[in-house]
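*Asks:* Line by line, the protein sequences give chains A, B and C. Mapping of the first sequence onto the UniProt record's numbering: position 712 corresponds to residue 712, and the numbering continues sequentially without gaps. Mapping of the second sequence onto the UniProt record's numbering: position 107 corresponds to residue 107, and the numbering continues sequentially without gaps. Mapping of the third sequence onto the UniProt record's numbering: position 91 corresponds to residue 91, and the numbering continues sequentially without gaps.
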Amino acid sequence: MTDLNRRDFIKKCVIGGVAVYSAPLLLSGQNAYASTIKENLKSKWKEEVGNNQPAFRFDAIEKVTGNKIYGRDYRAKDIPNWPDIQHYGFILRVNKADKIYEGFDLSGLSDEIKPYKVITEQDLANSGLKLPPYFGENMLLKKGSTPDYLGHEVAILLFDSFRKFKLAKNFIQFNNDIIQYGKTTELVTANVDPYASWRIVREENSLGSQAEDKYSTLKNGLFFPNYVDHKPVWPSNADKSGNTGEKGIFYANKLAEDIEHQDWLVIDRHFQTQSVDPMPLEPEAFNGWYDKFNESLHVVICSQSPQDFYHQAGEVLANSPLTKNIKKLIVHTPYIGGGFGGKDHTIFPYYGMMASLFATQPVHIANDRFEQFQSGIKRHPYKIHNKLAFDKNTYKIKGLISNMTLDGGGRMNFSPSVTMVGASAIQSIYYLPRNDIQAWCYPSQSPHAGSMRGYGTLQTMPTMEMMISEAAEALQVDPLQLRRINAFQAGQKNTQGAIPNADARYVEMLNEAEQHDIWKNRAENKKKFEKENPKKRYGVGFGIATKDYGTGADAPSTSIEITVEGKIIISTCSVEMGTGTDTSQGVLIAKHLGKMADNVEMAQIQLFDAMELIETDDPYLMSQETQDTMSKNPRWTPVIASASSASKSSYYQSHVTEAAAKILFTESLFPAAVAIWKEKYFNSAFATPDFTNVNDAHWENGHLSVMGNKPLSFELLAQKAHSMGLITSVMAHGFNRWSWAKGTYQLGAENKDYFLDGVAVKFGIGANRTVKKQANKYGYHVLKRLSVSYPKVQLNNAMVTYYTPCATLAEIAISEGSGKVEVLRTHTWLEPGNVHVKKLVEGQLEGGLTMGIGHTLYEYLPVDETGAGNGTWNLNRYQVPLAKHNGVWNMTHTLLPPLSPSDPTKGIAEVVMIPIVSALVEAIYQATNKRFYHLPISSKDIKEAI
Amino acid sequence: MNKILSHTISLAFVSVSFTLSASQELIEKGKYLADAADCYACHTTDDGQQYGGGKAFPLPMGMKIYSTNISSDKTFGIGNYTLEDFTAALREGKSANNGYLYPAMPYGSYALITDDDIKALFAYFQTVPAVKQKKTDNDVYFPANVRTGILGWNMLFLDDKRYLPDSEKSENWNRGNYLVNSFGHCGECHTPRNLFMALEKDKPFQGAVIGSTWAPNITAENLLKAGWGSDDLASLLRHGYSDKGVVTGEMYTVVKHSLSKLSEQDMRAVTGYLLNSDEYIASKTPVYDEKVITHEGYPTYMSYCASCHGDKGQGKPNFAPKMLGNGTLMEPNQYNVVYSIIGGIDSQYYNQVNSFDAMPSYQDKLSDQQLLDLMNYLSASFTFDKKEFTAPEIKALRESVLESLETEH
Amino acid sequence: MTVMNLSINNNIVGPIEVDPEIMMIEFLHEYLNLTGTKFGCGGGICHACVILVEDEQGMLKTERTCIHNALVFNGKKVHTIEGHATKDKYGEIIALHPVQESFSKHFSFQCGWCTSGFMNETIALIQRLKKDPIKKTDVETTIEAALGEHICRCTGYVKYYQSAKDLILSIKGLTK
């Protein structure tokens with residue numbers, strides 16, 4: 001076995017003595033039947049169809065031909081330098097959380113199929129191995145203790161053949177005689193404090209929204225409760241001129257009093273949402289090999305957040321005596337078969353990693369669907385109590401009081417931020433002059449809840465819509481009119497007191513919806529339909545939502561390289577989970593570089609070390625002072641890398657990709673073109689060229705032209721740029737805290753401003769030796785950052801400011817006998833800003849809407865001991881929406897055209913599933929005259945209501 | 001003025017709700033009993049409103065009869081019924097709207113219902129939402145269209161007597177007997193019928209062909225022989241699912257709409273009566289013998305069955321039933337086993353936490369020999385008595401299953 | 001243990017010894033390293049794992065590989081997602097199957113985990129329609145019946161169904 005080849009693995013970072021490497025997608029074709037793809041077929045994806053639209057997804061051919069591209073596909077023999085032998089692991093989990101765990105008994109397994117190693121808590125303790133602190137304690141449950149949650153892991157069983165694994169699993173999986181339980185106890189989580197509590201209080205200035213708020217989170221900061229009996233108790237002292245908390249309570253109390261006593265219409269309602277599994281069709285899997293000889297640990301993970309894994313895993317290894325000899329951790333991050341948040345900061349790879357440390361050969365651990373339900377990340381169930389007040393004359397919203405509690409499950413994952421984002425999102429598209437929103441998240445015995453699609457907003461925002469619909473009825477005002485009256489206007493402040501970026505085009509959407517057949521003719525359509533279908537009831541519902549995208553500490557990196565042959569290779573840190581990030585990044589550069597990318601490498605992390613960036617503090621918690629001091633260091637950034645989640649790639653990743661492309665164009669391709677024109681097509685000896693303004697240049701059919709000069713092909717320009725020794729590779733890093741960091745860089749003799757906080761470049765092959773010698777060890781020249789301005793840390797209190805609006809009209813029929821809902825037609829309006837790839841946006845929209853239907857009508861997991869944690873859940877019980885459920889032939893949409901070509905390319909992946917929720921609830925009401933306040937609304941619920 | 005008015009209205013409300021609450025209990029009781037009697041199953045179509053009737057019941061020779069509207073609608077339903085009309089319909093099959101009812105209406109069983117319970121049922125049916133739906137005309141011809149013919153049938157076979165408790169037996173057993181034989185009308189399917197389609201009362205619960213399935217023998221003797229315990233039976237009747245197997249076909253709807261709603265106490269009574277015991281009876285399971293892997297049917301079982309039902313017949317909880325000790329495998333008549341394998345089982349949806357995907361049909365996959373081997377394997381590995389089947393027996397069963405599948409489609 | 005011999009994508013596979021507990025999908029993955037067929041639910045519900053079995057007349061039928069063991073396919077001719085494209089003599093893929101092309105053009109899938117199942121089902125459907133053409137007005141219901149049990153979590157089925165519809169209407173002889 002040879003040592004790692006530096007060409008294959010590039011060093012990422014050193015954490016406590018362990019060097020972490022990320023490995024590119026590598027396939028050793030000789031063992032697989034899957035074939036390589038002929039170059040000219042592979043490049044077919046970027047054949048332009050229509051306006052800068054690719055023919056296929058970048059990864060389409062791999063996906064339709066069954067190539068090994070997913071994490072779960074990898075076997076030891078596929079990976080270069082690994083042994084060919086594959087071992088298998090099985091994770092043993094409890095299915096009770098209210099009894100003492102007394103151990104397990106594998107004596108029923110015949111000798112022939114016994115595991116060769118059983119890893120228990122004792123093994124981990126002996127080796128000082130622990131979960132990263134993010135995930136908490138008790139990686140494997142200790143004998144004699146009560147499980148923290150249903151599905152708590154107790155052991156990892158290792159088998160040296162698939163056959164043994166399979167036979168043993170058949171025996172163990174549903175066998176109640178394996179795990180032994182002792183006496184019944186209280187649930188562990190009964191004695192654990194809430195995972196998070198937030199309170200968002202705001203009162204606008206009496207002069208209106210434009211003036212400074214009387215009180216808001218952005219202006220005054222946050223305050224927190226004490227925990228008594230594991231429940232939040234907020235400060236009781238109200239004082240208008242007191243500290244943040246006392247002031248906050250003062251304004252909160254005042255709002256409560258007014259809602260109680262003023263002559264307002266108050267919609268006072270309780271809502272409840274369920275536990276949902278993201279059900280990515282690829283269940284989580286892992287492969288790993290501890291190469292003792294070379295002191296290396298190799299792993300293949302299915303993760304949306306590999307960056308995070310690098311760091312946390314490195315730390316785990318560095319802190320254990322067993323792994324003190326491990327010098328290198330090599331991480332493969334392939335494509336994933338769906339994420340929806342279910343693979344963001346997942347605990348699963350750590351179990352795999354532990355298994356690898358004790359296995360004698362590479363070990364594969366792959367959840368089946370029962371196991372995925374039992375252990376995978378869930379969506380937080382909510383209980384929400386809202387009081388929404390309206391002025392009876394103007395129909396304007398006067399204020400909102402909301403109280404929400406979330407079930408975070410047995411391990412804390414993203415609960416604190418989900419709690420916050422859900423709370424900050426409840427206002428939806430409406431302007432609220434006053435609000436008091438409280439939210440807290442409690443632990444429970446359920447599987448842990450985390451970053452699932454919607455991130456809390458799917459649960460909270462539809463409640464606003466439902467109340468608006470109800471209020472319209474009570475006030476006897478047209479429901480769309482009531483929405484128009486209260487819709488957010490550009491420049492108004494959100495519940496946190498921050499001003500959302502970009503124009504709010506809600507009214508435009510409402511106006512369009514009003515003219516749509518489903519809405520405009522709903523009364524006649526109902527009459528007609530019910531006459532033709534006497535046993536069915538017809539209903540129409542409208543829902544609108546606006547969803548933030550981003551996390552407030554987003555740090556994308558992109559590198560674009562031009563080869564001398566004229567190929568473009570893009571590398572980004574995003575993970576491709578299906579949303580088409582690879583495609584959109586490959587496409588969007590065409591605007592600046594004249595053609596789409598030839599190759600797009602995803603999940604690259606180590607590559608970006610070339611920018612030599614360092615990070616020091618938590619970007620959410622650091623002080624302004626820290627930021628000011630640290631930003632003087634030209635290599636410092638608040639965050640080096642962030643996860644692929646939060647509907648991020650189309651905006652954040654694109655920002656840096658586009659910035660890098662622009663630099664390449666301005667600094668390299670255009671000067672190369674000017675040089676060629678000057679040399680060959682202009683009387684340079686006699687005149688000064690008048691075609692040197694970069695803004696005049698245009699790409700046409702892959703050729704660059706300016707002011708009628710001969711169009712030059714990209715390939716020619718690439719060659720020229722290389723021969724002139726111009727920049728041929730640009731690597732860029734950005735930081736966004738609801739606004740981009742802006743840096744001034746020294747580029748040659750000039751100073752350039754970019755909305756980037758790190759830039760490194762490579763020069764072409766013709767660059768002189770002195771220049772080349774100045775390159776760092778990665779072969780890059782880091783541009784000197786002369787100064788940088790980061791958004792103020794106080795913007796953290798804004799929580800979110802980037803929003804994408806979306807509205808859906810749903811037309812449904814309900815069968816009187818069964819209560820079954822049939823979606824007849826839907827029409828959705830989405831304001832995506834500028835669109836990279838239209839079909840990707842449409843696919844997201846159609847898929848999101850369908851997932852929203854699942855959330856509203858079908859998907860359900862109990863939160864007690866009969867829920868997913870008991871290991872007996874599969875798709876026979878968990879109904880995900882099928883084509884027969886979503887009106888598949890009649891799903892239409894309008895993508896609002898951008899206001900200008902400079903509109904952002906917005907994140908849309910989450911918002912598209914939200915408005916359908918309240919649209920369906922309202923449509924059910926219109927059909928049955930019964931309002932529902934819980935999800936999902938089952939056919940049984942409806943039947944009973946009819 | 002407004003204030004005074006609203007005050008009066010709320011007072012009126014109080015008084016109304018006061019009188020309501022007195023009868024509310026009766027209505028609630030009636031609703032519970034209507035569920036126990038599974039009125040829903042016959043008087044509601046798949047896409048129609050509750051109790052609107054109109055569900056078709058095929059008769060021989062292509063004839064069809066349709067259930068009546070029993071909602072509170074005064075024109076189309078039974079909103080105009082008096083208690084006496086209602087009682088006559090229930091006990092004698094005499095409908096104030098439709099003349100004599102066909103004996104598809106189990107008035108022979110309902111005749112056992114006590115006066116008090118009938119009052120409760122009546123009270124409830126007066127409150128169910130009115131459905132404006134006309135009765136579909138029965139599609140029958142002579143002599144079946146002569147409803148007075150039913151009168152003669154009634155005189156011959158109808159035993160219009162209330163339930164008489166057996167003083168030798170416990171209260172629990174008597175309650176079970178009453179529920180099973182009156183509301184439950186279990187015998188209507190599980191007791192064989194004579195040439196005139198009347199129940200053979202000397203063979204109670206011994207099993208009968210019903211539609212395309214076999215309503216199994218549910219005599220206590222047979223249940224106990226097959227190892228049924230109190231918990232299994234209760235679980236089966238409540239969830240359609242148990243350690244001893246699942247329900248299929250018509251019984252699925254019976255569980256879904258009726259039995260799943262029985263109170264704990266009544267469920268105990270029903271299982272106590274069916275197992276003929278006041279004691280808790282533990283489930284019995286045969287011991288799996290590893291030696292069966294040499295059986296000719298083993299490869300077939302492993303090929304098609306094992307992934308869901310377990311390589312040792314252990315099943316997967318909430319997903320696919322156990323084969324080891326499965327009650328259907330131990331039923332004297334193996335028709336349902338062959339039916340499940342050859343015809344498959346439709347998916348079942350009870351509720352959000354209890355539903356099953358369809359079992360595929362293996363008609364195209366199994367030769368007669370493979371089916372025979374499989375049947376013998378199932379018996380040899382998962383039952384107590386390990387019966388051996390012959391080729392003609394299984395072939396005959398397969399043919400009769402195919403025949404009834406044909407008529408179904 | 002039984003000795004398996006079968007044809008996969010027109011390649012002879014075997015003899016290989018296989019235990020009766022091994023499901024077909026496990027055989028493909030762990031014994032043959034053919035991982036293009038995807039595991040979704042393991043219970044025959046999501047249909048991600050269907051492959052094509054060719055009968056003596058050359059007709060293709062889909063089978064779920066997670067609920068049938070490998071032995072079911074002993075002696076059979078089967079086709080998986082890896083076998084549909086055209087390859088040159090070096091084994092490099094040079095052209096796509098019309099269904100592969102159509103799904104790609106329509107952006108039918110995102111993550112692609114359900115693609116193999118949808119593709120095999122659509123290939124079988126198109127072959128069936130070649131033999132028994134349907135009326136143009138029945139195209140939608142025919143697609144619903146054929147693809148209706150397949151689960152897709154990303155794109156809401158719309159672009160799969162549109163792709164199948166376009167394909168059926170554009171290939172001569174499938175509709176009458």
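Beta carbons are placed, not taken as given, at the ideal position from N, Cα and C, and that holds for glycine.
Go ahead and pull the three-state DSSP assignment for K11 of chain A.
*Replies:* A caution first: K11 of chain A carries a pLDDT of 42, below 50, which makes its placement in the model unreliable, though a value can still be read off. Strand at K11 of chain A.
*Asks:* So which residues of chain C does P321 of chain A contact, with C-beta pairs closer than 7 angstroms?
*Replies:* Here the premise fails: no neighbours, minimum Cβ distance about 34 angstroms.
*Asks:* Any C-beta of chain C sitting closer than 8 angstroms to the C-beta of A868 of chain A?
*Replies:* No, A868 of chain A lies away from the interface with chain C (no Cβ there is under 8 angstroms from its Cβ).
*Asks:* Taking all protein chains shown into account, do 16 or more other C-beta atoms lie within 10 angstroms of the C-beta of T114 of chain B, making it buried, or fewer, making it exposed?
*Replies:* By the 10 Å Cβ count, T114 of chain B comes out exposed.
*Asks:* At a cut-off of 7 angstroms, would you count M23 of chain C as near the ligand ZN, judging by its Cβ distance to the nearest heavy atom?
*Replies:* With respect to the ligand ZN, the structure shown offers nothing to examine, as it has no ligands at all.
*Asks:* With C-beta atoms as the reference, is I156 of chain A less than 8 angstroms away from I91 of chain A?
*Replies:* Yes, these two residues count as a Cβ contact at 8 angstroms.
*Asks:* Would you kindly report the start and end of the unbroken beta strand (DSSP E) that includes L140 of chain A?
*Replies:* From DSSP, L140 of chain A is part of no beta strand (DSSP E); its letter is neither H nor E.
*Asks:* Identify the continuous alpha helix (DSSP H) that holds G248 of chain A and give its terminal residues.
*Replies:* Residues 244-261.
*Asks:* Along the beta strand (DSSP E) that carries C66 of chain C, what are the first and last residues, could you check?
*Replies:* Run containing C66 of chain C: none; DSSP gives neither H nor E here.
*Asks:* To the nearest angstrom, report how far apart K792 of chain A and A19 of chain A are at their CA atoms.
*Replies:* Distance between the alpha carbons of K792 of chain A and A19 of chain A is about 33 angstroms.
*Asks:* Return helix, strand or coil for T248 of chain B, following the three-state DSSP convention.
*Replies:* Reduced to three states, the DSSP call for T248 of chain B is coil.
*Asks:* Expressed to the nearest angstrom, what Euclidean distance is found between the alpha-carbon atoms of V477 of chain A and Q459 of chain A?
*Replies:* So the two alpha carbons sit approximately 26 angstroms from each other.
*Asks:* For G43 of chain C, return the contacting residues in chain B, with the cut-off set at a CB-CB distance below 9 angstroms.
*Replies:* Those are S307, C308, K316, F319, A320, D357, listed as they occur along chain B.
*Asks:* Any idea which residues DSSP pairs M891 of chain A with across the strands?
*Replies:* The partner list for M891 of chain A (beta bridge, DSSP) reads A:T826.
*Asks:* Less than 8 angstroms separating the beta-carbons of T142 of chain C and I134 of chain C?
*Replies:* Cβ atoms of T142 of chain C and I134 of chain C: closer than 8 angstroms.
*Asks:* Looking at C-alpha atoms only, which residue of A:K63, A:F162, A:A23 is the closest neighbour of L32 of chain C?
*Replies:* When only C-alpha atoms are compared, the closest one is A:F162.
*Asks:* Would you call the CB atoms of A553 of chain A and R737 of chain A closer than 8 angstroms?
*Replies:* Yes, they are a contact pair.
*Asks:* For V228 of chain A, is the classification buried or exposed, using 16 other Cβ atoms within 10 angstroms of its Cβ as the cut-off for buried?
*Replies:* Exposed: under 16 other Cβ atoms inside 10 Å.
*Asks:* Does the distance from the C-beta atom of T495 of chain A to that of Q427 of chain A stay below 8 angstroms?
*Replies:* Contact flag set, yes.
*Asks:* Contact between the segment 826-835 of chain A and the segment 893-903 of chain A: three or more CB pairs below 8 angstroms?
*Replies:* Touching, yes.
*Asks:* In the DSSP output, which residue or residues are listed as bridge partners for P54 of chain A?
*Replies:* Its beta-bridge partners are A:E48.
*Asks:* Out of A:M799, A:P936, A:Y925, point me to the one whose CA is closest to L861 of chain A's CA.
*Replies:* When each option's Cα is compared against that of L861 of chain A, the closest is A:P936.
*Asks:* Among residues of its own chain, excluding the 5 on either side of Y81 of chain B, which ones have a beta-carbon nearer than 7 angstroms to its beta-carbon?
*Replies:* Same-chain partners within the cutoff: A96.
*Asks:* Does the distance from the C-beta atom of G48 of chain B to that of G151 of chain A stay below 8 angstroms?
*Replies:* No, Cβ-Cβ distance for G48 of chain B and G151 of chain A is not below 8 angstroms.
*Asks:* Using 10 angstroms around the beta-carbon of S15 of chain B, count the other beta-carbons present and answer buried if the total reaches 16, otherwise exposed.
*Replies:* Only weak support exists for where S15 of chain B lies, its pLDDT of 40 falling under 50; the coordinates are left without a value.
*Asks:* Between E210 of chain B and T127 of chain B, is the Cβ-Cβ spacing less than 8 angstroms?
*Replies:* At residue 210 of chain B the sequence reads Ile, which differs from the Glu that was named. No; because the gap between Cβ atoms is not below 8 angstroms, this pair is not in contact.
*Asks:* If we call anything under 8 angstroms between Cβ atoms a contact, is L357 of chain A one with G399 of chain A?
*Replies:* It is not a contact, given that the beta carbons lie outside the stated cut-off.
*Asks:* DSSP three-state label for S818 of chain A, please.
*Replies:* Three-state DSSP puts S818 of chain A in coil, outside helix and strand.
*Asks:* Give the range of the alpha helix (DSSP H) segment to which P462 of chain A is assigned.
*Replies:* Start and end: 457-475.
*Asks:* Is the shortest distance between the beta-carbon of Y377 of chain B and the beta-carbons of chain C less than 8 angstroms?
*Replies:* No, because no Cβ of chain C sits closer than 8 angstroms to the Cβ of Y377 of chain B.
*Asks:* To which residues does DSSP link R193 of chain B through a beta bridge?
*Replies:* DSSP, once it has assigned bridges, lists B:L199 as partnering R193 of chain B.
*Asks:* Of the choices A:G580, A:E470, A:I568, A:S938, whose alpha-carbon is the least far from that of N929 of chain A?
*Replies:* Minimum Cα distance to N929 of chain A is reached at A:E470.
*Asks:* What does the alpha-carbon distance come out to for the pair Q492 of chain A and P619 of chain A?
*Replies:* Between Q492 of chain A and P619 of chain A, the C-alpha separation is close to 27 angstroms.
*Asks:* Note the first and the last residue of the continuous beta strand (DSSP E) segment covering K231 of chain A.
*Replies:* Looking at the DSSP string, the run of the beta strand (DSSP E) that includes K231 of chain A is 231-233.
*Asks:* In angstroms with no decimal places, state the Cα-to-Cα distance between H97 of chain C and I81 of chain C.
*Replies:* Each residue's Cα considered, the two are about 10 angstroms apart.
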